[in-house]
Amino acid sequence: MISFLILFFPSHDATTYWYLGFYHTLGFALYAYTFYLLHHNRILSGWICSVLAAFVVYSSVAFAIGLFSLFVMNRKYKKAAVMIVPCLFYIIHYIYFTRINPITYSKIPNDLNIYSLVKQFILQVITFIDSTVGPSMWCKIYYSFSNLSLISVLLAISLMVVFYKKHGKAENKEISSKYDFKLIITFSIITLVGFGKYSVTGLYPQLCFGLGNRTTFYGSILLSYLIIQCPVSNKIKTVVFAVLLFSVLGISGHWKSWNMHQQEVVSNIQNNNLLNEYQDNKTIYVSGNQYSKYGPISHIEFLSEGWVSGSVFGMALNEEISVSPINKRHVYEDGYLVDRKYNSKKEITDYINIYDSENNKLFKLDVENINSYIDSMPPEKRHWVQLLPKDNILTKIVLSLMPRLEYML
631 MISFLILFFP SHDATTYWYL GFYHTLGFAL YAYTFYLLHH NRILSGWICS
681 VLAAFVVYSS VAFAIGLFSL FVMNRKYKKA AVMIVPCLFY IIHYIYFTRI
731 NPITYSKIPN DLNIYSLVKQ FILQVITFID STVGPSMWCK IYYSFSNLSL
781 ISVLLAISLM VVFYKKHGKA ENKEISSKYD FKLIITFSII TLVGFGKYSV
831 TGLYPQLCFG LGNRTTFYGS ILLSYLIIQC PVSNKIKTVV FAVLLFSVLG
881 ISGHWKSWNM HQQEVVSNIQ NNNLLNEYQD NKTIYVSGNQ YSKYGPISHI
931 EFLSEGWVSG SVFGMALNEE ISVSPINKRH VYEDGYLVDR KYNSKKEITD
981 YINIYDSENN KLFKLDVENI NSYIDSMPPE KRHWVQLLPK DNILTKIVLS
1031 LMPRLEYML
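The working numbering numbers the first residue of the sequence shown as 631 and each following residue consecutively.
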């Protein structure tokens, strides 16, 4: 049950249904298997798996430190060394190739200081609470029910019957669960190290919506353990399990329907005659289908980023065409189309080519009409705070901790 909830915890569906976000799950699985091997005294196999876990995914550092701590608490120092040493080599490897002899991009900012670290850590804690037990999670669960299909409902009811027969009637085991203090410490360390990692980069708050919600994976391990092992009656656990199960199936249904819609959009691009005959060397700006709609929230990214829209067009048309999204974060000013999210701009002199992916139309748009076209786009609400009136206190707090979010708030 704990493993199931860790894998499908509602806050981080990007790690479950998005291929490129699966590395968090993979990293934890590899380190959990390493712990299993070492616990059963299979030291050589454990060492090999530890090396693999350390270098396969960069997110593995938190898992290594947490499970290392568990071995230390159990006074298994040799096994603790096997768990942590490959991770230390990975850290040295990362620092060397990103800072000392840089051959790749470093996510560690040059102006890193104690003040920014503390500020970002506070942001991590606040957004984690919101994303896992606060309003964002409530919205996530509530709107997941609207994505349930008949098959999902029947499946959930069937599983609930099985769960209730096994646990719900166990009156003689009303409060049979208990917490292991060492495991709570271990999972707390994983969570805090995860916060620390994102505090260093300053790029990723804890989110419940969007592909960035993979950040909540670390903390979901602790929460999954606390929920499943909570010392309450089995009937209460059955109710909680029912809510989470229906939510998981609803979220799964949302991803499935969005994937089907994405395939339709790709098919439209592939079969659009004007796109197939396109010879202009100007960039095509893509509007529409930026995010999936999860109630009032814009959830899963699609054509909202340049690398995605470029890949989609390249795959659909079998040729390289310069493609870029155009949405609410853009503004045309002083002869430039400005992307306020990335603080980038591109000179526009006369017109731009727009592909409206909602209506499958390619057309020219004169520069004097760009801003009015952008204003006509529906708003993209990425967080429930954006549903509140303008200039609310929560928005001000968020902007004080993360000023770069001003473009969306």
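Just so it is clear, CB atoms sit at the ideal spot from N, CA and C, and this is done for glycine as well.
If I measure Cβ to Cβ from residue i and keep anything under 7 Å in the same chain, skipping five residues before and after, which residues do I get?
i           : result
residue 775 : 876 and 880
residue 752 : 1031
residue 802 : Unreliable positioning characterises residue 802 in this predicted model, as indicated by a pLDDT of 47, which lies under 50. A coordinate reading is not provided.
residue 892 : 932
residue 990 : 898 and 902
residue 679 : 660, 663, 664 and 667
residue 675 : 667
residue 878 : 638 and 640
residue 725 : none
residue 755 : 825
residue 648 : 841
residue 780 : none
So if DSSP puts residue i in a beta bridge, which residue, or which two residues, is it bridged to?
i           : result
residue 917 : 986
residue 927 : 924
residue 993 : 984
residue 755 : Paired residue(s): none; residue 755 is not in a bridge.
residue 977 : 966
residue 954 : 915
residue 642 : Residue 642 is not bridged to any residue.
residue 723 : Partner(s): none; residue 723 has no beta bridge.
residue 960 : 969
Suppose contacts are defined by Cβ-Cβ distances below 9 Å. Is residue i in contact with residue j by that definition?
i            : j            : result
residue 711  : residue 823  : no
residue 905  : residue 918  : no
residue 1013 : residue 850  : no
residue 1011 : residue 927  : yes
residue 658  : residue 636  : yes
residue 971  : residue 1037 : yes
residue 733  : residue 727  : yes
residue 913  : residue 982  : yes
residue 940  : residue 952  : yes
residue 819  : residue 696  : yes
residue 646  : residue 634  : no
residue 942  : residue 895  : yes
residue 652  : residue 684  : no
residue 1025 : residue 1017 : no
residue 750  : residue 686  : no
residue 984  : residue 994  : yes
residue 909  : residue 947  : no
residue 962  : residue 978  : yes
residue 980  : residue 996  : yes
residue 825  : residue 848  : yes
residue 863  : residue 782  : no
residue 838  : residue 887  : no
residue 861  : residue 809  : yes
Less than 8 Å between the CB of residue i and some heavy atom of the ligand NAP, yes or no?
i           : result
residue 896 : Ligands are entirely absent from the displayed structure, and the ligand NAP is therefore not among its contents.
Exposed or buried, which one is residue i when buried takes at least 16 other CB atoms within 10 Å?
i            : result
residue 884  : buried
residue 650  : exposed
residue 729  : exposed
residue 835  : buried
residue 937  : exposed
residue 845  : buried
residue 965  : exposed
residue 832  : buried
residue 852  : buried
residue 816  : buried
residue 768  : exposed
residue 828  : buried
residue 960  : buried
residue 770  : buried
residue 1005 : exposed
Which residues in the same chain as residue i place their Cβ atom closer than 8 Å to its Cβ, once the five residues preceding and following it in sequence are excluded?
i            : result
residue 708  : 673
residue 920  : 928, 931, 932, 933, 934, 955, 957 and 1010
residue 698  : 710, 713, 714 and 717
residue 1029 : 1035, 1036 and 1039
residue 632  : 854, 855, 858 and 859
residue 790  : 868, 871, 872 and 875
residue 772  : 925
residue 945  : 896
Can you find a CB in chain D that lies within less than 9 Å of the CB of residue i?
i           : result
residue 778 : Any reference to chain D falls outside this structure, which holds one protein chain only.
Please work out which residues of its chain come closer than 6 Å, Cβ to Cβ, to residue i, disregarding the five sequence neighbours upstream and downstream, and give them in chain order.
i           : result
residue 737 : 831
residue 654 : 645, 689, 844 and 847
Legend entry - Contact between the segment 746 to 761 and the segment 852 to 869 (3+ Cβ pairs under 8 Å): no
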